[in-house]
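**Q**
In UniProt numbering, the protein residues as written are 1 to 113.
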């Protein structure tokens with residue numbers, strides 16, 4: 001899928017390094033798939049899977065040895081987002097800064113658009 005301004009999703013340097021580290025421990029050709037599915041306290045949540053195949057409608061982000069796939073349905077919910085990785089006193093986690101999210105749950109794992 002071709003990247004355009006309205007559907008661009010970016011991956012921060014921190015996230016790219018962490019994804020590359022995770023994928024280096026997996027089989028050659030592994031990629032991280034991020035998808036949006038129903039669930040969680042606020043209605044929608046992100047799902048992360050390590051996969052070895054791309055679908056024809058996948059939006060593909062390649063950066064610093066990391067390959068991230070987002071399916072076309074999830075991309076509608078994630079357009080304009082940045083995938084980041086935070087490491088603080090509370091713990092380590094991927095964080096998606098989504099401009100479309102209008103509310104989130106207290107634990108930070110689900111959101112509402």
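Ideal placement from N, C-alpha and C gives every residue a C-beta, glycine not left out.
These numbers come from a predicted model, not from an experiment.
Compare the beta carbon distance of residue 93 and residue 16 with 8 Å and say whether it is the shorter of the two.
**A** Cβ distance not < 8 Å, so residue 93 and residue 16 don't count as in contact.
**Q** Can you tell me which of the three DSSP states residue 93 falls into?
**A** Of the three classes helix, strand and coil, the one that applies to residue 93 here is strand, per DSSP.
**Q** Suppose you measure from the CA of residue 59 to the CA of residue 90; what does that come to, to the nearest Å?
**A** Distance between the alpha carbons of residue 59 and residue 90: 31 Å.
**Q** Closest to residue 27 by C-alpha separation, out of 52, 19, 8, would be which residue?
**A** Minimum Cα distance to residue 27 is reached at 52.
**Q** Helix, strand or coil: how does DSSP classify residue 63 here?
**A** Correct three-state label for residue 63: strand.
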